[in-house]
Structures are given as C-alpha cells and as structure tokens.
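For the sequence shown, counting from 1, position 89 maps to 309 in my numbering; every step adds exactly one.
Everything on this sheet refers to the single structure shown next.
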Amino acid sequence: MSQPSAAPIVERVDAGHRYEILVDGKRAGLTAYRDRGEQRVFFHTEVDDAFAGQGLAAALVQQALDDVRASGKRIVPVCPYVAKFLKRHNEFADIADPVTPDVLRWLETELD
Ligand SMILES: CC(C)(COP(=O)(O)OP(=O)(O)OC[C@H]1O[C@@H](n2cnc3c(N)ncnc32)[C@H](O)[C@@H]1OP(=O)(O)O)[C@@H](O)C(=O)NCCC(=O)NCCS
C-alpha cells in the first residue's frame, strides 16, 4: 500500500514571478504573476494533468492570495481561474482590482 501524500506546500518563487504547489516535493502546479506597482497581476494558472481535479489549483490560489494580502498588495485576476476563484471568495473583494484595458496592454509588454 502506498503512503498517503503529505499536505501540498505552496511557495512563492520571486525570481520566477510565480507561486508553485509542491506535492511530495515535486512541482504539481503554478500560478504566474507580474507586479505592477502595488498590484499583483495573475495571468496564468496550471496544474499538471496527473494532479488535476484534486483541488490543488484552489489550494494554490488561496495561499497565493493570502500572501498577496500579507504583502499589502492588491490582486488583478487576468487569469480566468483566479477570476472564478475570486467570484466564490468574497473575502478578497477588498483587495481585488478590475482587469482594465490598461492592465492588459501593460501585461502584453511585460510578457513580450
Ligand atoms: C484550470 C486548472 C488550473 C485547474 O486545476 P485543478 O487543480 O484541477 O483545479 P481544482 O481541482 O482546484 O478546481 C477545478 C475547477 O477548475 C475549473 N476550471 C477548469 N479549467 C478552468 C479554466 N480554464 N478557467 C476557469 N476555471 C477552470 C473547473 O471547472 C473546476 O471548477 P468547479 O470547482 O466548479 O468544479 C487546470 O485544469 C489546468 O491547468 N488547466 C489548463 C490551463 C488553464 O486552462 N488554466 C486556466 C486559465 S490560465
């Protein structure tokens, strides 16, 4: 019988502009961002197929957003998964900003 997995761990990887979720020490998913002043703009979330549907994206985004709050920053949910998460988690409404055309233009140049 295999051992039960340890609880997943979420880490902020500043150099890579992302948060990662680790399962048994292996990266199972990430949510990527760029900082625009006090705004942390989330633009992509992914979980490896092997780990899909276990709630890892939800755990990852929850902890990433908790970290944004702890850092005194604000959230911009360009990533559709993060946008959907925010709709279900009103506790972040006070630190969420809308996705504007300005943000999207800025993000495009950042990611070029
Ligand atoms: C989206 C993704 C990160 C979800 O990972 P996961 O660990 O399986 O997600 P969870 O188990 O925490 O949550 C599953 C939920 O994600 C939702 N979801 C799946 N793809 C989605 C998408 N593209 N946009 C928004 N929500 C999505 C599912 O509908 C499900 O919702 P439910 O809770 O209402 O059933 C993963 O499927 C993935 O990497 N997809 C490919 C990349 C992608 O489309 N990323 C999102 C936009 S950047």
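Beta carbons are placed, not taken as given, at the ideal position from N, Cα and C, and that holds for glycine.
From the listed residues L306, V298 and R308, the smallest Cα separation to V319 is found for V298. In the structure shown, P300 falls within a helical segment according to DSSP collapsed to helix, strand and coil. With fewer than 16 other Cβ atoms from the protein chains shown falling within 10 Å of its own Cβ, I229 counts as exposed. Distance from the C-beta of V319 to the nearest heavy atom of ligand 1 is not below 6 angstroms. Closest in alpha carbon position to G236, among V243, I295 and R254, is R254.
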